[in-house]
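Worksheet: the structure to be examined is printed underneath.
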Amino acid sequence: MKKFDFTAILFGLLLSAIAAYFMLRPLPSQSAPASSIPTVQIGNLIWDQTEMNIGDVKGFAATGFVSAAEKKGGGLSYEAGFVQKPGWTWKTPYGVSAGDLEPAVHLNQKEAESICRYYGKRLPTDIEWNLAAFLEQRSNPPAGFVKGQRYPFPGGSTPAVSHCLSGCGDYKGLAPVGALNRGTGHVTTKTTKPGVNGMYDMGGNVWEWTATERNGGYMTRGASWWYGPERQQESDLESKPGDIAVVYIGFRCVADAVKQ
Numbered sequence: 010m011k012k013f014d015f016t017a018i019l020f021g022l023l024l025s026a027i028a029a030y031f032m033l034r035p036l037p038s039q040s041a042p043a044s045s046i047p048t049v050q051i052g053n054l055i056w057d058q059t060e061m062n063i064g065d066v067k068g069f070a071a072t073g074f075v076s077a078a079e080k081k082g083g084g085l086s087y088e089a090g091f092v093q094k095p096g097w098t099w100k101t102p103y104g105v106s107a108g109d110l111e112p113a114v115h116l117n118q119k120e121a122e123s124i125c126r127y128y129g130k131r132l133p134t135d136i137e138w139n140l141a142a143f144l145e146q147r148s149n150p151p152a153g154f155v156k157g158q159r160y161p162f163p164g165g166s167t168p169a170v171s172h173c174l175s176g177c178g179d180y181k182g183l184a185p186v187g188a189l190n191r192g193t194g195h196v197t198t199k200t201t202k203p204g205v206n207g208m209y210d211m212g213g214n215v216w217e218w219t220a221t222e223r224n225g226g227y228m229t230r231g232a233s234w235w236y237g238p239e240r241q242q243e244s245d246l247e248s249k250p251g252d253i254a255v256v257y258i259g260f261r262c263v264a265d266a267v268k269q
């Protein structure tokens with residue numbers, strides 16, 4: 010009588026069960042959630058054309074995210090030194106309701122990094138940021154821009170398209186009267202005019218986190234509504250502690266272009 014190898018049979022059944030599990034289980038989505046922010050390709054990178062907005066951070070917050078500023082009761086503003094402002098968070102940058110298209114601030118560098126990653130993107134390096142902000146790379150740029158030219162401001166030859174403390178365009182920020190001791194706060198994304206490479210607010214509006222470390226912190230670029238246009242220039246090297254969450258620091262995301 011032929012003998013059966015029950016060990017081999019059991020092993021085969023186990024392998025079949027494992028295979029069936031992986032074949033029949035629901036597969037997770039292979040694509041990242043969609044961002045509302047328009048993008049442009051500059052060289053080998055896909056850039057968010059505007060700064061990260063509140064609406065997209067709400068999408069990330071649906072996963073259970075609570076920012077460090079929220080946990081502490083509010084983010085920071087500068088009043089002869091940094092002071093905590095109760096109720097000032099990415100949802101309510103000046104302590105009152107904000108629109109979904111306003112730039113997201115009061116988020117530290119690691120939080121910015123995580124939000125970019127959620128959308129399948131990342132923070133740019135300082136070198137990447139500078140190339141996109143100052144070197145015109147479009148094949149057929151509009152009047153006022155020349156391919157291959159490096160400009161003194163992210164807005165081009167002058168800072169006129171940007172929003173800053175003074176010396177920029179004629180824009181009025183959204184901070185309530187009396188909320189700030191300097192400046193008028195940020196404007197809604199895509200309120201200003203586009204600059205080098207068709208990007209918005211690479212100069213002014215809010216500082217932007219990068220992925221580049223410097224002096225124990227991370228470099229920020231572009232300056233903000235708090236400063237004049239001189240802080241927007243490529244030679245301005247600024248770094249801030251990675252755990253700081255401030256009313257005038259935001260960010261934008263970038264993705265590596267997929268090679269076909």
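Just so we're aligned, residue 10 is where the sequence shown starts under this note's numbering, counting upward by one.
Yeah, the Cβ is synthetic: ideal placement off N, Cα and C, and Gly gets one too.
This structure is a prediction, so every number in the text was calculated from the model and none was measured.
3-residue-minimum beta strand (DSSP E) runs that sit fully inside the stretch 161-193, ordered along the chain: Not a single unbroken stretch of the beta strand (DSSP E) spanning 3 or more residues falls wholly within the stretch 161-193.
Straight-line CA distance for residue 221 to residue 245? Whole-angstrom Cα-Cα distance: 14 angstroms.
If you run the structure through DSSP and keep just helix, strand and coil, what is residue 245? Coil at residue 245, not helix or strand.
Please classify residue 127: does DSSP put it in a helix, a strand, or coil? Under the three-state reduction of DSSP output, residue 127 falls in the helix class.
Do residue 131 and residue 263 come within 8 angstroms of each other at the CB atom, strictly closer than that value? Contact check for residue 263 against residue 131 passes: the beta carbons are separated by less than 8 angstroms.
Measure the CB-CB distance between residue 49 and residue 207 and report whether it falls below 8 angstroms. Going by beta carbons, residue 49 and residue 207 fall inside the 8 angstroms limit.
Where residue 207 sits in the DSSP three-state scheme: Looking at residue 207 - three-state DSSP - the assignment turns out to be helix.
Could you tell me the distance, in whole angstroms, from the CA atom of residue 215 to the CA atom of residue 150? One C-alpha to the other measures close to 25 angstroms.
Just the C-alpha distance for residue 137 and residue 88, rounded to the nearest angstrom, thanks. Straight-line measurement puts the Cα of residue 88 at about 32 angstroms from the Cα of residue 137.
Leaving aside the five residues before and after residue 190 along the sequence, list all residues of the same chain whose C-beta is less than 7 angstroms from its C-beta, in chain order. Listed in chain order, the non-local C-beta contacts of residue 190 below 7 angstroms within the same chain comprise 88, local neighbours out to five positions each way being set aside.
For residue 217, which option in 135, 165, 99 and 176 has the closest C-alpha, if you only look at C-alpha atoms? A check of alpha carbon separations from residue 217 across 135, 165, 99 and 176 identifies 135 as the nearest.
Under 7 angstroms Cβ to Cβ from residue 192, same chain only, skipping five residues before and after it: list those, please. So the qualifying residues of the chain are 174, 182, 234 and 235.
Whose CA, out of 66, 157 and 142, lies closest to the CA of residue 127? The shortest C-alpha separation from residue 127 is found at 66.
Spell out a yes or no on whether the stretch 49-60 and the stretch 255-262 are touching, meaning 3 or more CB-CB pairs, one atom from each, closer than 8 angstroms. A contact between stretches requires three or more CB pairs, one per stretch, nearer than 8 angstroms, and the stretch 49-60 meets this requirement with the stretch 255-262.
Out of 53, 227, 212 and 255, which has the shortest C-alpha to C-alpha gap to residue 243? Among 53, 227, 212 and 255, the Cα nearest to that of residue 243 belongs to 212.
Is DSSP giving residue 259 helix, strand or coil here? Strand, per DSSP.
Within 8 angstroms, do at least three Cβ pairs link the stretch 92-99 to the stretch 142-156? Flag = no, the stretch 142-156 and the stretch 92-99 do not touch.
Less than 8 angstroms between the beta carbons of residue 166 and residue 210, yes or no? No, the pair does not count as a contact, with Cβ atoms beyond the cut-off.
Please state whether the Cβ-Cβ distance between residue 163 and residue 231 is less than 8 angstroms. Going by C-beta atoms, residue 163 is nearer than 8 angstroms to residue 231.
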